[in-house]
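Worksheet: one structure, shown below.
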Amino acid sequence: IDYPEYASKYKSLAHTHDSHGKDGSGTLSVFSMADLQVFAKLAYFNKLDSGTFVAFLATNDSTKYALTINNKQKLIDLFFNYINASLTTTNALKFSQSRIKVESLFKKYFDKDNPDAKLKVNSNDAETDLKEFLNFMGEADLGITLFESTDNFNSFKKVDVKNNTVEREPCN
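When we follow our numbering, the leftmost residue of the sequence shown carries the number 110, and every step to the right adds one.
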């Protein structure tokens with residue numbers, strides 16, 4: 110996601126994952142780790158209103174999602190090494206823990222060079238992608254909530270995974 114750094118505070122961001130992607134290899138049917146890193150960076154620099162912020166995503170796979178942040182510190186802590194390039198004696202442990210956890214989660218869920226990664230670009234199974242993304246959210250303890258949306262983004266269902274099954278709870 111490219112965003113203007115001069116914005117005061119974002120209330121929402123919307124973007125797409127097209128069929129091509131930045132490097133031509135395709136895109137995911139869910140939010141990417143890079144998307145989440147942007148939200149964490151915005152939260153760290155106090156550039157989003159975490160009480161009302163909503164990120165929207167529409168994908169080439171016909172999936173539509175909204176994401177809210179209910180604990181911005183968890184999101185910031187996970188991506189601390191990405192956000193804070195300055196390694197100091199004060200933040201060394203936090204920096205290292207963040208790097209190790211992000212690298213492990215990335216390899217397990219997002220790494221396109223890992224044939225066993227749970228999420229694949231250009232996947233033909235959006236339901237499995239959603240389930241694995243929800244598993245990732247739980248394992249990462251991101252402090253976010255995910256909603257599935259209708260095509261026109263006027264109706265939402267909160268999505269979660271329980272017993273390896275996606276559960277949907279209508280919100281409006």
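Cβ atoms here follow ideal geometry from the backbone N, Cα and C, with glycine treated the same way. Given the structure is predicted, the values throughout are model-derived calculations rather than measurements.
When you compare the CB positions of residue i and residue j, do they come within less than 8 Å of one another, or not?
i, j, result
"threonine 125", "alanine 167", "yes"
"leucine 184", "alanine 143", "no"
"serine 171", "leucine 187", "no"
"threonine 237", "threonine 177", "no"
"lysine 173", "threonine 259", "yes"
"serine 321", "phenylalanine 162", "This structure cannot settle anything about residue 321, because the visible part of the chain is limited to 110 through 281."
"alanine 235", "serine 138", "yes"
"leucine 214", "phenylalanine 245", "yes"
"phenylalanine 242", "phenylalanine 256", "no"
"valine 270", "glycine 247", "yes"
"lysine 240", "alanine 226", "no"
"serine 117", "asparagine 169", "no"
"tyrosine 119", "leucine 151", "yes"
"threonine 136", "valine 230", "yes"
My output table needs one value for residue i: the three-state DSSP class, helix, strand or coil.
i, result
"phenylalanine 162", "coil"
"valine 59", "Residue 59 lies beyond the range of the chain shown here (110 to 281); nothing can be said about it."
"leucine 251", "coil"
"serine 128", "coil"
"serine 121", "strand"
"leucine 176", "strand"
"leucine 196", "coil"
"lysine 150", "helix"
"lysine 271", "strand"
"phenylalanine 245", "helix"
"aspartate 238", "helix"
"phenylalanine 188", "coil"
"lysine 216", "helix"
"aspartate 225", "coil"
"serine 141", "coil"
Name the DSSP bridge partner or partners of residue i?
i, result
"phenylalanine 265", "Ser258"
"threonine 136", "Threonine 136 is not bridged to any residue."
"proline 279", "Lys266"
"threonine 315", "What is shown of the chain runs 110 to 281, which leaves residue 315 out entirely."
"leucine 157", "Tyr119"
Are the C-beta atoms of residue i and some chain C residue less than 8 Å apart?
i, result
"serine 128", "You won't find chain C in this structure, because it holds only one protein chain."
Note to self: I want to know whether the segment 193-204 touches the segment 155-163 - three or more CB-CB distances under 8 Å.
What the structure shows: no
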